[in-house]
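Residue numbers (UniProt numbering): 1 to 316. Since the structure comes first, as structure tokens, the remarks are kept for the end.
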DNA sequence: GCGACAG
DNA sequence: ATCTTGTCGC
């Protein structure tokens, strides 16, 4: 029975979720724990990971969860895992982790069992870390549960604890000059919750970087900059691209779904493309591709996974 | 009623 | 989050 991941959970459920966040928050380590994190060139760092969940358009349940591992500093994909999942929890601001994290944990766990040598030394997460309503965003959640260093990277400012995307904030953004420039995001309590980072020259919108787990904010910002070929850090960007491609290949194109099994040959026309605007260095080979099918039974397994943490996350 | 709203 | 190719600009 596929549950609908829509609507707002009852207050009772949100209370349980808040309690779990409060408990897990006590386990967050917001400082550097690894030697490479303090090295000026991050020497010793060889693998950076990224996770993402992409959705099927008209469907509030079907999604693709992906985990990729890239070499550092080359930023070439060494591992890719895309899997279709059935979401059960709806999206509620402040509780993103309860919607996405269980599947990401599964992916990390499978990598740990089957290809432990490819385990990333740090994970970039699409969303916030301690820059959060209760100081425990999805990046902290994933970090604590997997015990991996995690960095929260959000594309929009979460206006919390006095932070506002107002005129002053926009002016600060305008003053960022070169890629790598940043300014602190100070919460009402005087604590620095994160940094707004211009991820590369000529990027208008900044990234909002915050600590997820086992890493200082300074190292998180520096490494994020070091992983940006474009605005979005390469690990997250690759996870996003690949999960969306996986959905397209699996469910077909919107306009013409399963009715056309054709492998369009004219699409391979080697047309010269304008160098400037595009991306994709092209020529990507996938040495250690590890893709999974398995659309069935995900809902039940999610329940097991969530309940095994602390037994508080079920919302049925 | 108005504003806010990570993904 | 998702819908979207080519196009304009540096």
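For glycine and all other residues, C-beta sits at the position ideal for the given N, C-alpha and C. A quick note: this is a predicted structure, and the numbers were derived from the prediction, not measured.
- Item | Distance between residue 124 and residue 241 (C-alpha atoms, nearest Å) | Distance between the alpha carbons of residue 241 and residue 124: 15 Å.
- Rounded distance between the beta-carbons of residue 29 and residue 214, thought under 8 Å: About 5 Å separates the two Cβ atoms, so the contact holds.
- Taking three-plus beta-carbon pairs below 8 Å as touching, is the stretch 41-58 in contact with the stretch 92-105? Yes: at least three Cβ pairs fall under 8 Å.
- Can you tell me the Cβ-Cβ gap for residue 152 and residue 221, rounded? I've got them flagged as a contact below 8 Å. Taking a contact as a CB-CB distance under 8 Å, the pair residue 152 and residue 221 does not count as one, their CB atoms being some 11 Å apart.
- Euclidean distance between Cα positions of residue 58 and residue 235: Going by C-alpha positions, residue 58 is about 27 Å away from residue 235.
- Message: Measuring alpha carbon to alpha carbon, tell me which residue in 61, 118 and 7 is nearest residue 76.
- Response: Comparing Cα positions, the closest option is 118.
- residue 116 burial status per 10 Å Cβ neighbour count (16 or more: buried): That one is exposed.
- Query: Does DSSP classify residue 184 as helix, strand or coil?
  - Reply: Residue 184 falls in the strand class under three-state DSSP.
- Query: Going by beta carbon distance, what residues of the same chain come within less than 6 Å of residue 145, once the five residues before and after it are set aside?
  - Reply: These residues qualify, in order along the chain: 105.
- Coarse secondary structure for residue 5, derived from DSSP in three states: DSSP places residue 5 in coil when its eight states are reduced to three.
- With DSSP as the reference, label residue 257 as helix, strand or coil. Its pLDDT being 42, under 50, residue 257 is placed unreliably in this model, and the coordinates cannot settle the point.
- If residue 150 sits next to residue 142, beta carbons under 8 Å apart, how far is it from one beta carbon to the other, in whole angstroms? At roughly 6 Å, the Cβ-Cβ gap stays under 8 Å, so residue 150 and residue 142 are in contact.
- Item | Exposure label - residue 238; buried when at least 16 CB within 10 Å | Classification of residue 238: buried, given that the 10 Å Cβ count is 16 or more.
- Between the C-alpha atoms of residue 187 and residue 132, what's the straight-line distance to the nearest angstrom? If you draw a straight line from the Cα of residue 187 to the Cα of residue 132, it comes to about 10 Å.
- DSSP puts residue 55 in a beta bridge; with which residues? DSSP, once it has assigned bridges, lists 63 as partnering residue 55.
- Between the beta-carbon of residue 22 and the beta-carbon of residue 134, is there less than 8 Å? Yes, the Cβ-Cβ distance between residue 22 and residue 134 is below 8 Å.
- Between which two residues does the beta strand (DSSP E) containing residue 153 stretch? Run containing residue 153: 150-154, per the beta strand (DSSP E) assignment.
- Item | Classification of residue 202 by the beta-carbon crowding that lies within 10 angstroms, buried from 16 upward | Exposed, because fewer than 16 other Cβ atoms sit within 10 Å of the Cβ of residue 202.
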